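K.L.:
This note's numbering numbers the first residue of the sequence shown as 947 and each following residue consecutively.
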Amino acid sequence: MSIDNQLREKICNLNIDLQRYGLVAWTSGNVSERMADGKSFLIKPSGVMYEDLTPAQMILCDLDGNVLEGDLAPSSDTQTHAYIYRHMNHVNGVVHTHSNYATAWAAIQKPIPCGITAMADEFGGDIPLGPFALIGNEDIGKGIVETLRGHRSAAVLMKNHGVFTIGKDAKAAVKAAVMCEDVAKTMWIAHTLGTIEKIAEKDIDALYSRYQNIYGQKGEGK
Ligand SMILES: [Zn+2]
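Encoded structure:
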């Protein structure tokens, strides 16, 4: 399948959004989206400066991470994105960053506790902590999928590494990455001020359900 330029432009712009929202440094971070055929995804090339990214550089890969279309090497996290798409059918967008506050929680090896309503709304509870894994095989993907399965959170902190987020499309995954960093910052400040008091489970459930089902304009992407 050949990918039209509009899709390439969309994924290119969502990658640039990572820099716009201050979630990445230099060339780190990546966004991908699963294509309509379900069997391929478009991802950022490896090691290209955000300032130099163009739609034509986006790489089309199959779900084993093999390049189908594109002249450059795909992101070094391509195998992880591929693993997530292979094992989570409802996921059509994946984002990876080393955003500062969220990654600080990963460095102290702690999930982000659900101490503010914005976390209950967006993530339905704590942002969980996944295992430590080295890049280069399936371990990171496996750790992400195993941690997120049975969890409402669209974000996971990978121990001593950074953040992966998922969504129904790439934009939703980018939103989860932005919100994850925002709440990580607030909870970090709270952590320095005293003991974080978590919201009661039943209240988290009520907040999550309201935000996911009622909040916003009809038909508007959240
Ligand atoms: Zn990374």
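Quick reminder that beta carbons are idealized off the backbone N, C-alpha and C, glycines included. Note that the structure is predicted; figures quoted are calculated from it, not measured.
Checking 7 Å against the spacing of the C-beta atoms, do E979 and I957 come in under that value?
P.N.:
Stepping through the sequence shown from its first residue, residue 979 is reached at position 33. Stepping through the sequence shown from its first residue, residue 957 is reached at position 11. Their beta carbons are under 7 Å apart, which means E979 touches I957 by this criterion.
K.L.:
I want to check one thing, is the minimum distance from the CB of G1108 to the heavy atoms of ligand 1 below 6 Å?
P.N.:
In the sequence shown, residue 1108 corresponds to position 162, counting from 1. Yes, the beta carbon of G1108 sits closer than 6 Å to at least one heavy atom of ligand 1.
K.L.:
Can you give me the C-alpha to C-alpha distance between H1042 and V977, rounded to a whole angstrom?
P.N.:
One-based indexing of the sequence shown puts residue 1042 at position 96. One-based indexing of the sequence shown puts residue 977 at position 31. Spanning the two alpha carbons is a distance of roughly 7 Å.
K.L.:
Pick helix, strand or coil for I1145, following the three-state DSSP scheme.
P.N.:
The count along the sequence shown starts at 1 and reaches residue 1145 at position 199. Coil.
K.L.:
Excluding the 5 residues flanking T1132 on each side, which residues of the same chain have their C-beta closer than 7 Å to its C-beta?
P.N.:
For the purposes of this step, residue 1132 is taken as residue 186 along the sequence shown, with counting starting at 1. Hits under 7 Å: I1062.
K.L.:
Check whether the stretch 1068-1079 touches the stretch 1005-1023, taking contact to mean three or more Cβ pairs, one atom from each stretch, closer than 8 Å.
P.N.:
At 8 Å Cβ cutoff, the stretches do not touch.
K.L.:
When burial is assigned at 16 or more other CB atoms within 10 Å of the CB, is T1000 buried or exposed?
P.N.:
Residue mapping note: residue 1000 aligns to position 54 of the sequence shown, counting from 1. Under this definition T1000 is an exposed residue.
K.L.:
What first and last residue would you give for the beta strand (DSSP E) that runs through I1160?
P.N.:
Counting from 1 along the sequence shown, the entry for residue 1160 is found at position 214. Unbroken run through I1160: none, as it is neither H nor E.
K.L.:
I need the boundaries of the alpha helix (DSSP H) containing C1007, first residue and last residue.
P.N.:
Along the sequence shown, one-based indexing puts residue 1007 at 61. Here C1007 belongs to no alpha helix (DSSP H); instead the beta strand (DSSP E) covers 1005-1008.
K.L.:
According to DSSP, is E1084 helix, strand or coil?
P.N.:
Taking the first residue of the sequence shown as 1, we reach residue 1084 at position 138. E1084 falls in the coil class under three-state DSSP.
K.L.:
Which ranges would you report for the alpha helix (DSSP H) in the stretch 1004-1067 if only whole runs of at least 4 residues count?
P.N.:
Listed in chain order, they are 1024-1033, 1046-1053.
K.L.:
Counting pairs of Cβ atoms below 8 Å between the stretch 1116-1126 and the stretch 1090-1103, do you hit three or more?
P.N.:
Enough Cβ pairs lie closer than 8 Å, so yes.
K.L.:
Under a Cβ-count criterion, where at least 16 other Cβ atoms within 10 Å of its own Cβ denotes burial, should G1167 be classed as buried or exposed?
P.N.:
Working through the sequence shown from its first residue, we reach residue 1167 at position 221. In this predicted model, G1167 has a pLDDT of only 48, less than 50, meaning its place in the structure is not dependable enough to derive any value.
K.L.:
Report the residue from V1040, F987, E997, A1052 whose alpha carbon sits nearest the alpha carbon of N1012.
P.N.:
Residue mapping note: residue 1012 aligns to position 66 of the sequence shown, counting from 1. Of V1040, F987, E997, A1052, the residue nearest in Cα terms is F987.
K.L.:
Which of the three DSSP states, helix, strand or coil, is assigned to G1170?
P.N.:
Because the chain is modelled from 947 through 1168, residue 1170 falls outside the range shown and cannot be assessed.
K.L.:
Judging by CA-CA distance, which residue of I962, R966, E955, R1156 is the nearest neighbour of A1064?
P.N.:
Within the sequence shown, the letter at position 118 stands for residue 1064. Measuring from the Cα of A1064, the nearest candidate turns out to be R1156.
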